[in-house]
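Numbering (our numbering), first residue to last: 224 to 482.
We put the beta carbon where it would ideally sit given N, CA and C, even for glycine.
Since this is a predicted model, take the numbers as computed values, not measurements.
Please read the structure below before turning to the comments.
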Amino acid sequence: MEAAPQRVELPAAFEDVEADVLVDLIADMMERLMAHNDRIPLSPEALTRFHSRSAPGISVLDYFKRIVRFTKVERVCLLITLHYIDQICARTPLFTLSSLTCHRFVITSITISSKTFCDVFSLNSLYAKVGGIPVDELNMLEREFLRMIDWQLTCTREILQEYYVNLVRTHSRGIYYIPVPESPSSISSDSDTDWDMGGSPRPSSPAAENSTTQREPSTILIDTATLSPQPPRPPTLEQNMAFADFHQSSQDQPEGHPG
Numbered sequence: 224m225e226a227a228p229q230r231v232e233l234p235a236a237f238e239d240v241e242a243d244v245l246v247d248l249i250a251d252m253m254e255r256l257m258a259h260n261d262r263i264p265l266s267p268e269a270l271t272r273f274h275s276r277s278a279p280g281i282s283v284l285d286y287f288k289r290i291v292r293f294t295k296v297e298r299v300c301l302l303i304t305l306h307y308i309d310q311i312c313a314r315t316p317l318f319t320l321s322s323l324t325c326h327r328f329v330i331t332s333i334t335i336s337s338k339t340f341c342d343v344f345s346l347n348s349l350y351a352k353v354g355g356i357p358v359d360e361l362n363m364l365e366r367e368f369l370r371m372i373d374w375q376l377t378c379t380r381e382i383l384q385e386y387y388v389n390l391v392r393t394h395s396r397g398i399y400y401i402p403v404p405e406s407p408s409s410i411s412s413d414s415d416t417d418w419d420m421g422g423s424p425r426p427s428s429p430a431a432e433n434s435t436t437q438r439e440p441s442t443i444l445i446d447t448a449t450l451s452p453q454p455p456r457p458p459t460l461e462q463n464m465a466f467a468d469f470h471q472s473s474q475d476q477p478e479g480h481p482g
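If you want it as structure tokens, here you go:
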């Protein structure tokens, strides 16, 4: 019989967690979300600039680690990627995070969030090189990202903290935990109810909040096992033509980067 994996205690606040641990938590959630979304057939109207012609050969976890290594990205920029996914999926329901869109979305999110939250950030040429895409392509993805999210690039610290404690709770291997606080003013994550920084109860996910605190249902924090693929609407003639053009250009595109 295999021994149970040793559990790892994490800091109560996301600002204090090691970057490698945070990317493990984020990548774990993204992998499960992608596994679900990859079962949904790709329709022409769902095609975006973020779609690669094939899934990149590098895992999401290794991709995040590469970004952290070469850009020294801050924790808030990593964690807010999840908030950006939720916001864009709410605004653009046809967009899904899949193995074809994840890598481009991640490097674009890191590029934009670094400019939003950090006093010092890198040039797009470096982010593009780290992400494995041409800088002109990253520039286009950046513009498309900003359009899709309507320039809503910030959120509260409490929202990011909520993402963090839920990532710890729902981690697939269950090896991480945040210790139960000794006082009501601390944050608990091992119980069924999380606590915000003021000590008041916080539901386990945004979708579980009551009517006094309305927020869009979360794409990241919901249980993906309860989801069922929705049949796409019939494509228009223009969408069929665009889809055919995309496949033709993909056949002519050289190898060497994610998509």
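Secondary structure at residue 231: strand, using DSSP grouped into helix, strand and coil.
Put simply, the backbone Cα of residue 305 is about 8 Å away from that of residue 249. Secondary structure remark: continuous beta strand (DSSP E) runs of at least 3 residues inside the stretch 224-291: none found. For residue 338, the enclosing alpha helix (DSSP H) begins and ends at 325-340. For residue 352, the enclosing alpha helix (DSSP H) begins and ends at 347-354. Between residue 335 and residue 354, the gap from beta carbon to beta carbon reaches 8 Å or more. Distance check between residue 314 and each of 373, 399, 397 places 373 closest, using alpha-carbon atoms only. For residue 312, the enclosing alpha helix (DSSP H) begins and ends at 298-314. Sixteen is the threshold: since fewer than 16 other Cβ atoms of the shown chains lie within 10 Å of the Cβ of residue 375, the residue is exposed. Excluding its 5 nearest sequence neighbours in each direction, residue 299 has C-beta neighbours in its own chain below 7 Å: 340, 383, listed in chain order. Residue ranges of uninterrupted alpha helix (DSSP H) with 4 or more members, entirely inside the stretch 348-395 and ordered along the chain, are 358-372, 380-393. In terms of Cα proximity to residue 288, the closest of 251, 269, 388 is 251. With contacts defined as CB atoms closer than 8 Å, residue 400 and residue 388 fail to qualify as a contacting pair. With a beta-carbon spacing of about 15 Å, residue 257 and residue 332 fall beyond the 8 Å limit used to define contacts. Between the alpha carbons of residue 291 and residue 297 lies a gap of roughly 8 Å. Residue 317 is positioned such that its CB atom lies closer than 8 Å to that of residue 268. Counting only the Cα atoms, residue 324 lies some 34 Å from residue 229.
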